[in-house]
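For the sequence shown, the numbering used here begins at 186 and goes up steadily by one.
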Amino acid sequence: MPKDKNNNQAMTKDEKFRSFFSTTAVNIPEEMTRRDEELPEEKPQKRFGLFARGKADQEEAQAAEPQEMPTGEVVLGGDAQPEQEADLELMLKPAADPERELAPWPLLETEAEDAEPLRVDLPAPAPAKKPEPPRQSTVPVAEPAGQRSAAKTSCNPKNAPEVLLPQEEQEQQEMAQLKAMINGLSEKKPAPGAAAPTRTVQAEETTPAAQPETAPERKKEESGTPLPAAVFASVKEADADLQPKEKKRPERKKPVIDFFGRAEDEEKPQAPSAPADAPAAKEDTMSLPLLPLDGEAPAAEPQAKAEAAPQPEQKPEAGEPAPLAEEPESELQGPEATAEKLHRMSAELTLRCVLGGILAVVLLHFGLVSDGLLPAMAALDLDAAPAAFYGANLLLLAASLCVGFPVLRDGLTGLRGRHSADTMPALAAAAALLQAVTAMLNANVYRGTTGISLLSGMAALGLFLALLGSRVMLAAVKGGYELVTNGVEHQGAFRARDKDLLRALARDLEQKDPWVLLSRPMQDAEGFVEQSLCERASERRARKVSYILLGVALLSGVLFLLAGAGWNKAVAAMVAVLCMGAPLSSTLIAGIASLRLQRAAAAVGAVVPGWQAIEQLGGIDTLQIDADDLFTTDSAQLEDIRIFKGGRIDRAILYAASVLNETHGALRGLFRQIIEDRTDILFPVKDLEQHRGLGFSGWCDNNRILIGTRRYLEKEGVSLPDEEYEAQHSKNGELQILYLAVSGNLHAMFVLKYVGGRNVARGLAVLQKENIRLMVTCQDPSLTAKHITEVYRLPEGMVTVLDQEQCDAIKAAPADPADVCCMIHLKGFASLTGGLQAADQAQNAENSATTVQMVSVLFSIVIAALLTSAGSIWELSVATVLMYQAAWSALSIAVCALKQHN
């Protein structure tokens, strides 16, 4: 029989049951053990009444026993030793009555030094053969360790003591709840009037336990409803879903250090107190997890229970953003979403082109076999099985139509809706489908007609090349969008439409209604893709020609029906007219022109979005730019400096550099080079004023500084040298003169020279060839239109320098969101002029190539009319139509490429 480890005595079944669920053997760290020798001696408290019987004999027997070394065993019982009040204590805390609720209120491990123990009258346990040995307890008790009750309990509840020790009350409550848990898991109903159960080690043999009695002032109640599973201190809220539904053995032992609680437990919210009118609750004050027996699987870690329990909502502190709820990955927005959409469209069109090309080659083989130019396959012999041959032709053509569905949709819609270059290829494909159906339904008759051919391959080839043209166009749009959204700052070029602005700008021009191109910072690329895929001029012309081609085809078929040639020949005639007239390069021309435009413009950092922008740029005759685009920081050179009476050259340079450093342009770069970019030696400038075309004024070193032209300083009342002296140093106006006055007195005269750049000269030559004028905004007062014209050798009247009023009108002009962005370019003259040149070349190339296309369609209509009148249009073979279309398509593509050749 198992023996008690404390006194080596045999244990009854009742003691084994209690020892199994209420004790555990652990190795407690040394710093967590009590030191009995440090505790102050306490006088034993005498008990009177029932609990004092035989107490003296037991104390003498206990004193006579030799003291054993502490083994670290934690024993839960009513005879625990008292301990000094420590920082961590486990006390009783009232909670809801488990008898009045289906689920018990979760118990928490809390610290409360002032909590009063809850006293409950419980039925006496079964009599033991021997008195229980002294055991150590981790629960603080109110009674001294030297006194304990020696009264033996009886099976009859009437003999139970009226007052029990706190340790015994706790033990009885724990036993009652554990038994109720086992009863609830095994779903066994207690029989009415059942006797007190016999305690065993196995939980399956346990019967419902008698309910503990309440305090003396409360009425005894016996509940037949078993309590749910045991409650643990880590559960924060009562939830039926959190309680175990079936009997499970714990898997892992709880760490010993967690037995006394955790440091963060003091900061956790306490369990809500019971209502005032609620009866006293029966609570498990220990809240210990069930430890497994030897050989059983370890229980789950305590963290798993904490995860299963609902956590209290944590509110963000002031100044911190509220945490976002975890949501599934949402769709991309902004430029990333558009780029992803373009990528998917590109992949889809690539796949369609590959499949469409394969089907076109196979259908061309079928057409050549029907003409007798190629041998037939053994499985599809036209002479042996014409129905199978024509059926396979129909299936392949249907597959080609499915692959080229975007072409069919846009082309047929273009007859009544938005203009489309796919209209003629779509009409040819629809007619070829009608021919394939007719051939399959009349296979033997169709095969017996000499000279009739299948043009399904030509229709499939037209669909394939239309898809290829759309794919090339999409590549151009995608490349332009990537350039616009690469993070570099761009400017948008817009055509000025404000009448007040145009009236102010055209004040000094001969033309009173100019097309002026203004540039301003670009905010975003919204609407770029839609504008790039807008309707083109070639599509508008293609729609008109499609009506003519369709009318001729229908007329040809009707004439053959009226002549009695039969349905087969009438359908063949219509298909021949449409396949010969629909150009194979219908969409390739626009795609090639757009792709070459995008690459040419991207070389200078510009993008031209769509045909509408190309047309707008084609009508521009005036370009507004800044003088910084024409002259860089290295363009200005200091030829000479003259100091007048009372002046100093070092002061003159410092004053001029201090004022011009607050501006931008070539003069700023010139004087910074003179002082070697040592801006720390410059004087602070206040109240700086700029007068366009005149000069600057400001306060520097407690002096009023004036820098400007002769006209400006005369206006301010400064005495200047005569004009002969100025002409002598400026070489009769070839060089620029800039005066410096300090506190109303002339201080110095700077002689400047501007040098043009090669790239700018090339751009100006392009503008001169296109008869485009320049409107220049300039901050340098010494730079005039005459000087710019002489530096770059431009014709007189091509350059106009805007004054202060005109510059203010440009700034005040409102930006209309409806304005079409003609071009997106970098901040620079080369990017602007390069984009203009690329757009002009693309416009000329596409117009020339589409003109060749229209000529080919009209020429095909004439040939079809002549062959219809001769009655031989239905005899056109696949090889004849293929060579005819290839010749015209090659010619149109070559014209497009030559016009865009740089």
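Positions of the beta carbon are idealized from the N, C-alpha and C atoms, including for glycine.
On a predicted model such as this, the values are computed, not experimentally measured, just so you know.
Would a C-beta distance cut-off of 7 Å place G552 and G642 closer than the cut-off?
Within the sequence shown, residue 552 is the residue found at index 367, counting from 1. Within the sequence shown, residue 642 is the residue found at index 457, counting from 1. Contact: yes.
Residue environment, Q989, which counts as buried when at least 16 other CB atoms sit within 10 Å:
For the purposes of this step, residue 989 is taken as residue 804 along the sequence shown, with counting starting at 1. Under this definition Q989 is an exposed residue.
Helix, strand or coil: which one does DSSP assign to S928?
On the sequence shown, residue 928 is found 743 positions in, with the first residue counted as 1. Note: S928 maps to coil in three-state DSSP.
Residue range of the beta strand (DSSP E) that F868 falls in?
Here residue 868 refers to the residue found at position 683 of the sequence shown. No beta strand (DSSP E) contains F868, which DSSP labels as neither H nor E.
Measure the C-alpha to C-alpha separation of D709 and E847 and round it to an integer number of angstroms.
Numbered from 1 along the sequence shown, position 524 holds the residue referred to as residue 709. Numbered from 1 along the sequence shown, position 662 holds the residue referred to as residue 847. Spanning the two alpha carbons is a distance of roughly 30 Å.
I think T985 touches R947, with their Cβ atoms under 8 Å apart; what is that distance to the nearest whole Å?
Walking along the sequence shown from the start, residue 985 turns up at place 800. Walking along the sequence shown from the start, residue 947 turns up at place 762. Going by Cβ atoms, the distance from T985 to R947 rounds to 21 Å, so no, they are not a contact pair.
Thinking C-alpha only, which one of A748, G918 and G665 is nearest L718?
Counting from 1 along the sequence shown, the entry for residue 718 is found at position 533. Looking at the Cα atoms, G665 is the closest of the given residues.
Looking only at its own chain, which residues have a Cβ that is under 6 Å from the Cβ of L1011, when we skip the five neighbours before and after it?
Here residue 1011 refers to the residue found at position 826 of the sequence shown. Around L1011: G790.
L951 vs S638 beta-carbon contact at 7 Å
Counted from its first residue, the sequence shown places residue 951 at position 766. Counted from its first residue, the sequence shown places residue 638 at position 453. The residue you asked about is not Leu; residue 951 is Val in the sequence shown. For V951 and S638, no; Cβs fall outside 7 Å.
As assigned by DSSP and simplified to three states, the class of F551:
In the sequence shown, counting from the first residue as 1, residue 551 sits at position 366. Three-state DSSP puts F551 in a helix.
Would you grab the beta carbon distance between D179 and R682 for me? Rounded to a whole angstrom, and I think it's under 8 Å.
Within the shown structure, residues of the chain are numbered from 186 to 1087, placing residue 179 beyond reach of any answer.
Span of the beta strand (DSSP E), counted from its first residue to its last, around V961
For the purposes of this step, residue 961 is taken as residue 776 along the sequence shown, with counting starting at 1. Per DSSP, V961 belongs to the beta strand (DSSP E) from R958 to T962.
Check Q875 in the structure and name its three-state DSSP category.
Here residue 875 refers to the residue found at position 690 of the sequence shown. Correct three-state label for Q875: strand.
Proximity to A1088 [Cα-Cα], best of E1060, L1067, R943 and I1058
Residue 1088 falls outside the range modelled here, since the chain spans only 186 to 1087, and no answer is possible.
Just how far apart, CA to CA, sit F935 and I922?
Counting from one through the sequence shown, the residue named residue 935 turns up at place 750. Counting from one through the sequence shown, the residue named residue 922 turns up at place 737. Rounded to whole angstroms, F935 to I922 spans 6 Å at the Cα level.
For the region 675-694 against the region 555-575, are there 3 or more C-beta pairs whose distance is under 8 Å?
no
For A611 versus G596, is the C-beta distance shorter than 7 Å?
What you label residue 611 is simply residue 426 of the sequence shown in a count that begins at 1. What you label residue 596 is simply residue 411 of the sequence shown in a count that begins at 1. It is a contact, given that the beta carbons lie within the stated cut-off.
Segments assigned beta strand (DSSP E), at least 3 residues, entirely inside the region 629-703:
676-680
The region 1073-1086 / the region 1024-1034 touching (three or more Cβ pairs under 8 Å):
yes
Helix, strand or coil at K364 [DSSP, three-state]
Locating residue 364 in the sequence shown gives position 179, counting from the first residue. If DSSP states are grouped into helix, strand and coil, K364 belongs with the helices.
Boundaries (first-last residue) of the beta strand (DSSP E) holding M609:
Here residue 609 is taken as the residue at index 424 of the sequence shown, counted from 1. Taken as a continuous stretch (DSSP letters only), M609 belongs to no beta strand (DSSP E), being part of the alpha helix (DSSP H) at T608 to L626.
Spatial neighbours of E911 within its chain, please: C-beta separation below 6 Å, excluding the five flanking residues on both sides.
Reading the sequence shown from its first residue, position 726 is the one you call residue 911. Cβ neighbours of E911 beyond the five flanking positions: I922.
Considering only their Cβ atoms, is the gap separating I866 from F881 smaller than 7 Å?
Position 696 of the sequence shown holds residue 881. Position 681 of the sequence shown holds residue 866. No, the Cβ-Cβ distance between F881 and I866 is not below 7 Å.
Whole runs of the alpha helix (DSSP H) within the region 546-598, excluding any shorter than 4 residues:
571-588 and 590-598
Taking one C-beta from the region 599-613 and one from the region 644-662 each time, how about it: are there three or more such pairs within less than 8 Å?
yes
Buried versus exposed call for P768 [16 or more other C-beta atoms within 10 Å across all chains shown]:
Along the sequence shown, read from residue 1 onward, the residue named residue 768 stands at position 583. Buried, since its Cβ has 16 or more Cβ neighbours within 10 Å.
Do three or more CB pairs link the region 651-670 to the region 772-792 at distances below 8 Å?
yes
Compute the distance between the beta-carbons of S1054 and G766, then report whether it is under 7 Å.
Counted from its first residue, the sequence shown places residue 1054 at position 869. Counted from its first residue, the sequence shown places residue 766 at position 581. No, the pair does not count as a contact, with Cβ atoms beyond the cut-off.
Reference Y732; option with closest CA among E353, H604 and M530:
Stepping through the sequence shown from its first residue, residue 732 is reached at position 547. Comparing Cα-Cα distances from Y732 to each of E353, H604 and M530, the minimum goes to H604.
Where does C538 sit, in a helix, a strand or coil, going by DSSP?
Here the question's residue 538 lines up with position 353 in the sequence shown. C538 falls in the helix class under three-state DSSP.
For E800, I'd like the list of residues in its chain whose CB is within less than 8 Å of its CB, leaving aside the five on either flank, ordered along the chain.
Taking the sequence shown and counting its residues from 1, the one referred to as residue 800 is at position 615. Answer for E800: A722 and Q1028, listed in chain order.
For the candidate residues Q1070, L987, L586 and Q355, whose alpha-carbon lies nearest to that of L808?
Taking the sequence shown and counting its residues from 1, one reaches residue 808 at position 623. Checking every option, the nearest Cα to that of L808 belongs to L987.
Return the chain-ordered list of same chain residues with a C-beta closer than 6 Å to the C-beta of G941, the five sequence neighbours on each side being excluded.
Residue mapping note: residue 941 aligns to position 756 of the sequence shown, counting from 1. Same-chain partners within the cutoff: V976 and Y977.
Kindly give me the distance between the Cβ atoms of G1068 and R726, rounded to whole angstroms, as I take these residues to be in contact under 8 Å.
Along the sequence shown, read from residue 1 onward, the residue named residue 1068 stands at position 883. Along the sequence shown, read from residue 1 onward, the residue named residue 726 stands at position 541. In the sequence as displayed, the identity of residue 1068 is Met instead of Gly. Incorrect: roughly 25 Å between the Cβ atoms, too far for contact.
Cβ separation of L763 and A786, assumed to be a contact under 8 Å, to the nearest whole Å
Locating residue 763 in the sequence shown gives position 578, where the first residue counts as 1. Locating residue 786 in the sequence shown gives position 601, where the first residue counts as 1. That belief does not hold up - the Cβ atoms of L763 and A786 are roughly 37 Å apart, past 8 Å.
Residues of its chain near K871, where Cβ-Cβ distance is below 6 Å and the 5 sequence neighbours each way are ignored
In the sequence shown, residue 871 corresponds to position 686, counting from 1. So the list reads W884, once near-sequence residues are dropped.
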